[in-house]
Amino acid sequence: MIRTLSAAVLLVAGLIAAPAAPAVAADEVEQVVNGGFGTSADPWWSTAGMPIALRDGKACVDVPAGTVNRWDAAVGQNDIDLVAGETYRYSFTASGDPDGHVARAIVGLSVSPYDTYFEASPALTVSGDTYSYTFTSAVTTAQAQVALQVGGSADAWGLCLDDVSLVGGVPPEVYVPDTGPRVRVNQVAYLPRGPKKATLVTAATTRLPWQLKNAAGATVARGYSVPRGVDASSGQNVQTIDFGGYRKRGTGFTLVADGETSRPFDIDAAVYEQLRADALTFYYTQRSGLEIRADLRPGYARPAGHVDAAPNLGDGSVPCQSGVCDYRLDVTGGWYDAGDHGKYVVNGGISTWELLNQYERTAEPAKLGDGTLRIPESANKVPDILDEARWELEFMLKMQVPAGKPLAGMVHHKIHDANWTGLPLLPNLDPQQRELHPVSTAATLNLAATAAQAARLYRRYDRAFAAKALAAARTAYTAALANPARYALDSDGTGGGAYGDSKVDDDFYWAAAELYLSTGEKKYAADILASPVHTADIFGAGAFDWASTAAAGRLDLALVPNKLPGRNQVRASIVAGAEKYLKIQTAHPYGVAYAPANNMWDWGSNSLILNNLVVVASAYDISGRDKFRTAVYEGMDYLLGRNALNQSYVTGYGEVSSKNQHSRWYAHQLDANLPNPPRGSLAGGANSSIQDPYAQSKLTGCVGQFCYIDDIQSWSTNELTINWNSALAWVVSFVADQN
Ligand SMILES: [Ca+2]
Ligand SMILES: [Ca+2]
Ligand SMILES: [Ca+2]
Numbered sequence: 145m146i147r148t149l150s151a152a153v154l155l156v157a158g159l160i161a162a163p164a165a166p167a168v169a170a171d172e173v174e175q176v177v178n179g180g181f182g183t184s185a186d187p188w189w190s191t192a193g194m195p196i197a198l199r200d201g202k203a204c205v206d207v208p209a210g211t212v213n214r215w216d217a218a219v220g221q222n223d224i225d226l227v228a229g230e231t232y233r234y235s236f237t238a239s240g241d242p243d244g245h246v247a248r249a250i251v252g253l254s255v256s257p258y259d260t261y262f263e264a265s266p267a268l269t270v271s272g273d274t275y276s277y278t279f280t281s282a283v284t285t286a287q288a289q290v291a292l293q294v295g296g297s298a299d300a301w302g303l304c305l306d307d308v309s310l311v312g313g314v315p316p317e318v319y320v321p322d323t324g325p326r327v328r329v330n331q332v333a334y335l336p337r338g339p340k341k342a343t344l345v346t347a348a349t350t351r352l353p354w355q356l357k358n359a360a361g362a363t364v365a366r367g368y369s370v371p372r373g374v375d376a377s378s379g380q381n382v383q384t385i386d387f388g389g390y391r392k393r394g395t396g397f398t399l400v401a402d403g404e405t406s407r408p409f410d411i412d413a414a415v416y417e418q419l420r421a422d423a424l425t426f427y428y429t430q431r432s433g434l435e436i437r438a439d440l441r442p443g444y445a446r447p448a449g450h451v452d453a454a455p456n457l458g459d460g461s462v463p464c465q466s467g468v469c470d471y472r473l474d475v476t477g478g479w480y481d482a483g484d485h486g487k488y489v490v491n492g493g494i495s496t497w498e499l500l501n502q503y504e505r506t507a508e509p510a511k512l513g514d515g516t517l518r519i520p521e522s523a524n525k526v527p528d529i530l531d532e533a534r535w536e537l538e539f540m541l542k543m544q545v546p547a548g549k550p551l552a553g554m555v556h557h558k559i560h561d562a563n564w565t566g567l568p569l570l571p572n573l574d575p576q577q578r579e580l581h582p583v584s585t586a587a588t589l590n591l592a593a594t595a596a597q598a599a600r601l602y603r604r605y606d607r608a609f610a611a612k613a614l615a616a617a618r619t620a621y622t623a624a625l626a627n628p629a630r631y632a633l634d635s636d637g638t639g640g641g642a643y644g645d646s647k648v649d650d651d652f653y654w655a656a657a658e659l660y661l662s663t664g665e666k667k668y669a670a671d672i673l674a675s676p677v678h679t680a681d682i683f684g685a686g687a688f689d690w691a692s693t694a695a696a697g698r699l700d701l702a703l704v705p706n707k708l709p710g711r712n713q714v715r716a717s718i719v720a721g722a723e724k725y726l727k728i729q730t731a732h733p734y735g736v737a738y739a740p741a742n743n744m745w746d747w748g749s750n751s752l753i754l755n756n757l758v759v760v761a762s763a764y765d766i767s768g769r770d771k772f773r774t775a776v777y778e779g780m781d782y783l784l785g786r787n788a789l790n791q792s793y794v795t796g797y798g799e800v801s802s803k804n805q806h807s808r809w810y811a812h813q814l815d816a817n818l819p820n821p822p823r824g825s826l827a828g829g830a831n832s833s834i835q836d837p838y839a840q841s842k843l844t845g846c847v848g849q850f851c852y853i854d855d856i857q858s859w860s861t862n863e864l865t866i867n868w869n870s871a872l873a874w875v876v877s878f879v880a881d882q883n
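What follows is the structure, encoded as C-alpha cells:
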C-alpha cells in the first residue's frame, strides 16, 4: 500500500506574449494563453534539446530517444490560475508519429513539490485526435502548469500539438460507471454445498420473483427476493436473493429477477484451487534481484531489477540517506512492494506472516507443497510457499544493522528511490539512487516476528537457515527493547511510501508471541502476559493490517500449539471477534464483513475485508462451528462480483474484473508492449478518501463501494500490493481446503 505522489516537472516559463484566447461561452474562462499557436509559440516552453517549431499552425517537436521518465521531454505553459472547487475542461489536439506513443497530459504545480492535479495518458495517432477531459481542482494556486509530457521512449518520434485549452467555469462532469445488470452475483463460482446469495438493485420495495437458469436457459430453481431497504455502503435500494438450496455443479448459470439477467457464474469448487495458486504466483513477478523467466511466466519475462546493472544503480551496495549511517548494505532481493520499486520491511512483515501462517494453518500442506507454484524453486523438495516467502525473508534479514555499527540489531524501515519515478518503468530501467532510511522499532519487530515464525517452519527443510533466522529474531527483539520509540514518520514519503507507524505495542506483542511459539522460553511468555495488548479487544470495525499487527500474534497464540497460561481465553477472543464480524456481515445486504465508521472505506478496503475473514476462518478452525466457515464463503462473493460496481476485484476472475491496477511494469494501459497484472492480482478497492487526482476527477462525492475506478492512474483505489494478495491467498486457501 503506497501513497505515490506523482511527480511533475519544473521547467522555466517563456516570456509572456499574449494573443487573444480562443472564443468560449460567456461564463467560461480560458486559462491558457496562445493555445492555438497562431504566429508564435510564446509563452510555451519545452525541455532542453527539443525546440518548438511552428508547422501548419501547430506546435511541433522532435522528441529525443532514450529518456526515462515521461517528464524528461515535455511541452508546457506555466502561470496558470486554478481555483479550488472550480471545474475545468482540459482539451487539445495532438498527433504522434509513428502511431502509439503516449503523451501524459497534466495539469499540475509548476514548482516543488510538483503535485499533479489531473493527468491523462492517451496513445497518439499519426492522423491526430482531439482530447477533452473534465476535472475539479482541489487547490487554489497561481503557479499551475499545463503540459504534455512525452519522454520515456527508447526511440525518437514526432509530436504536434494545437488548440490547447483549459477552461474554467464548466459544469462538473458526472461520471457514471457502467455497472451492467442489476442482479449482482459472485461472477466466478459459488460452492456446491456453500451459501448462494445475490443482491438485486431495484426500486421495488416488495419482494420479487427470481429464477436460477442453467447454461441452456432452463429454470432450475425459483423463489422470491427479500427487500433490504437502502444499503448504506452503496446508497442503493436493494433486495437479497438466496438460492442456497440449489447444490448441483455446473457452469454458465444466471440469475434472473426484475427483468434483469445476472452475469454468468459457475457452481463448483475447483476454481478456488486455481485461484489459490494464482494469488500466490503473484509474488514471483514481484521479485526484485532476479530475472523473471518466460518459461515460468509467459508474457511476464523481464530482466532482473536493481542488480547493479545500468541504468539501475542497484541494491548491491546501498547507502543510507544523508546523515543516517556511514555504511552500505547489500539489500538485493525481496519483493517490490506494490506498483513502485520500493521495498519496505513493515509491509514485507505482514505479507510474509500471512503466507507463512497460511502454510502453518492449512490442513492440506501438500496443496502448498513443492511444485505447486511454477517458481525457480519448484523442484527442490521444499514447499513452494516457503520458497516464495524466503525470498522476502532473506531481504528482511539484510536490512538489519550489522554488529559493531551504531544501533546494531535494529532494522532499517525501508529502501527505495531517492525520488519518485513515473509510469511506466520496468524495474531494471529505474535510474534513481537507492537509499536506506532510518531504522525503526516497528521494522525491527517485524523482522523479529517473521524470522521467529520462520525458525519453526523452515527447521525441517534447512536447519542452518532456521537457526540464522532465530538468532536474528532474538537480536532484533533485544534491540527493539533497547530502542522502543524509534518511529517511522508519515512525512518520510519522498520517492517511496512512508509507512509511518508510531504505535508499536502491537508489534512488540506480535514479536514476543512468535518468539515464544518458536522457543517456549519463559521470558517471552512473561512479555506476552504483561502486554495490555494481550487482553485488549483488538477486533474492531476496521481490521488488522501492516500497521496494526496485534492480531497476527493473537491468532498464532490461539492456533499454534503452546502452553501459554490462559490460552483458552486467547482462543475465545478469536471466536468473540469473529462473532462481531459475523454480525456485521449478516446485516449487510452485500454480505460484507466490514462496516467502517461513517461509511468511510479505507485505503485497501478489499484487504481489510479479507483480513476480517481471516479472523472468521480462524474461529472456524478453533470452534468447528459451521456458521464461521459459511461466512467466509459468502465473504468471497463481494470480491468476485457481488458488489455495487458489479465487477470482480481479482484480475482474470469473473466476466468483468480489475485489470489496470497501478503498477510501473504491469502498465498495459500506458504501453501496449507491457502486460496487464497477472491473473490473481487483487486491486485495493473502494477508498472513500480518493487521494489521487484521477479518482478525484471521476469520483468526487462517491458513496462507499462506488469509490473505486479501474484505471492505472488511480493509485489510491487501484494499486496492487504484496500485503493485499497475501490476504487474498490466505482466505482462498482456506476456502479451497474445505472442498
Ligand atoms: Ca493552430
Ligand atoms: Ca520448492
Ligand atoms: Ca503498529
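Final position of the sequence shown in the working numbering is 883; the numbers increase by one with none missing.
Using N, Cα and C, we set each Cβ at its ideal position, and we do this for glycine too.
Could you pull out every residue in the same chain whose Cβ sits closer than 6 Å to the Cβ of residue i, ignoring the five residues on either side in sequence?
{"i": "Ile718", "result": "Ala702, Ser762, Ala763, Ile766"}
{"i": "Val212", "result": "Pro575"}
{"i": "Gly493", "result": "Asn590, Thr594"}
{"i": "Arg407", "result": "Gln331, Glu799"}
{"i": "Val468", "result": "Pro582"}
{"i": "Ala691", "result": "Asp645"}
Roughly how many angstroms separate the alpha carbons of residue i and residue j, rounded to a whole number?
{"i": "Glu172", "j": "Leu310", "result": "10 Å"}
{"i": "Lys542", "j": "Phe878", "result": "32 Å"}
{"i": "Ala642", "j": "Thr395", "result": "45 Å"}
{"i": "Gln805", "j": "Asn750", "result": "13 Å"}
{"i": "Asp649", "j": "Ala669", "result": "15 Å"}
{"i": "Pro442", "j": "Leu580", "result": "33 Å"}
{"i": "Ala739", "j": "Asp481", "result": "27 Å"}
{"i": "Met145", "j": "Lys667", "result": "With a pLDDT of only 43 at Met145, under 50, the local geometry of the prediction cannot be trusted, and the value read off the model is given with reservation. Computed Cα separation, rounded: 34 Å."}
Taking the beta strand (DSSP E) that residue i belongs to, which residues open and close that run?
{"i": "Gln383", "result": "380-386"}
{"i": "Glu579", "result": "578-580"}
{"i": "Ser239", "result": "231-241"}
{"i": "Gln293", "result": "285-293"}
{"i": "Ala203", "result": "202-207"}
{"i": "Ala695", "result": "Where Ala695 is concerned, there is no enclosing beta strand (DSSP E), although the alpha helix (DSSP H) it sits in stretches over 694-703."}
{"i": "Lys392", "result": "It is not in any beta strand (DSSP E) - Lys392 carries neither H nor E in the DSSP assignment."}
Once the 5 residues before and after residue i are set aside, which same chain residues still bring their CB inside 8 Å of it?
{"i": "Pro355", "result": "With the sequence shown as reference, residue 355 is identified as Gln, and Pro is not the correct amino acid for it. Once the five neighbours on either side are set aside, the close Cβ partners of Gln355 are Thr363, Ala365, Arg366, Leu399, Val400, Ala401."}
{"i": "Ala741", "result": "Ala685"}
{"i": "Arg199", "result": "Cys304"}
{"i": "Gly193", "result": "Pro208"}
Excluding the 5 residues preceding and the 5 following residue i in the sequence, name in chain order all residues of the same chain whose CB lies nearer than 7 Å to its CB.
{"i": "Lys404", "result": "For clarity, residue 404 is Glu in the given sequence; the question names Lys instead. So the qualifying residues of the chain are Pro325, Arg326, Val327."}
{"i": "Tyr334", "result": "Lys340, Phe409, Ile411"}
{"i": "Thr285", "result": "Leu226, Leu253"}
{"i": "Trp301", "result": "Val207, Gly240, Asp241, Pro242, His245"}
{"i": "Pro819", "result": "Gly443, Tyr444, Tyr810, His812"}
Let me know the secondary structure DSSP gives residue i once reduced to three states.
{"i": "Gly908", "result": "Given a span of 145 to 883 for the chain in the structure shown, any question on residue 908 remains unanswerable."}
{"i": "Arg786", "result": "coil"}
{"i": "Asn222", "result": "strand"}
{"i": "Lys525", "result": "coil"}
{"i": "Val355", "result": "The sequence shown places Gln at residue 355, not Val. Gln355 falls in the strand class under three-state DSSP."}
{"i": "Arg603", "result": "coil"}
{"i": "Ala165", "result": "Low local confidence applies: a pLDDT of 42 at Ala165 is under 50, so the model's placement there is unreliable, with the coordinate-based value given in what follows. The answer is coil: DSSP assigns Ala165 none of H, G, I, E or B."}
{"i": "Trp189", "result": "strand"}
{"i": "Ser281", "result": "coil"}
{"i": "Val758", "result": "helix"}
{"i": "Ile718", "result": "helix"}
{"i": "Tyr738", "result": "coil"}
{"i": "Ile250", "result": "strand"}
For residue i, report the span of its alpha helix (DSSP H) as first-last.
{"i": "Trp874", "result": "866-881"}
{"i": "Leu661", "result": "649-663"}
{"i": "Ile672", "result": "666-674"}
TODO: Decide if the region 241-260 is in contact with the region 292-299; the criterion is three or more beta carbon pairs, one per stretch, under 8 Å apart.
DONE: yes
- [ ] Check whether the region 696-714 touches the region 492-510, counting contact only when three or more Cβ pairs, one atom from each stretch, lie closer than 8 Å.
- [x] yes
Open item on the list: Closer than 8 Å is the cut-off here; do at least three beta carbon pairs connect the region 378-393 with the region 329-343?
Closed with: yes
Open item on the list: Contact between the region 417-430 and the region 458-465 is defined here as three or more beta-carbon pairs at a separation below 8 Å; is this criterion met?
Closed with: no
Open item on the list: With three or more beta-carbon pairs closer than 8 Å as the criterion, would you say the region 737-755 touches the region 844-860?
Closed with: yes
- [ ] Take every Cβ of the region 422-442, pair it with every Cβ of the region 543-561, and state whether three or more of those distances are shorter than 8 Å.
- [x] no
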